[in-house]
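Written below as structure tokens is the structure these notes are about.
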Amino acid sequence: MTAPRTPERPQKISRDDIEAKLRSIQGEVDDTAESAKGIAIAVGAVVAVGVLAVVFLMGKKRGRSKSTIIEVRRF
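Using the working numbering, the first residue of the sequence shown is number 22, and each one after it goes up by one.
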């Protein structure tokens with residue numbers, strides 16, 4: 022059997038290390054958000070047009086069923 026290895030002592034993490042890592046993560050998040058922003062705007066526009074179309078068609082159907090039919094005859 023071999024002797025158990027003693028783990029190497031990790032270096033102490035300084036405040037500068039943490040700040041640098043957080044800045045790099047923030048940069049990645051900003052890049053991802055910028056790329057997703059355009060897609061979100063496009064999807065939102067398509068959904069808005071779809072909702073408007075459905076509301077228009079429902080109103081058209083309701084208007085057709087509630088409208089009064091006037092028949093004009095000439096003698």
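Note that CB positions come from ideal geometry on N, CA and C, so glycine has one too.
Where residue i and residue j are concerned, what is the direct C-alpha to C-alpha distance, given to the nearest angstrom?
| i | j | result |
| --- | --- | --- |
| Thr84 | Ile91 | At residue 84 the sequence reads Gly, which differs from the Thr that was named. For Gly84 and Ile91, the distance between alpha carbons rounds to 15 Å. |
| Ser86 | Arg94 | 23 Å |
| Phe77 | Ile62 | 22 Å |
| Val72 | Ser35 | 53 Å |
| Met79 | Ala54 | 36 Å |
| Val67 | Val50 | 26 Å |
| Pro56 | Glu29 | Just to set this straight, residue 56 is Ser in the shown sequence, not Pro. About 41 Å. |
| Ser45 | Val70 | 38 Å |
| Val64 | Ala74 | 15 Å |
Going by the C-beta, is residue i closer than 8 Å to any heavy atom of the ligand COA?
| i | result |
| --- | --- |
| Gly84 | The ligand COA is not part of this structure, which contains no ligands at all. |
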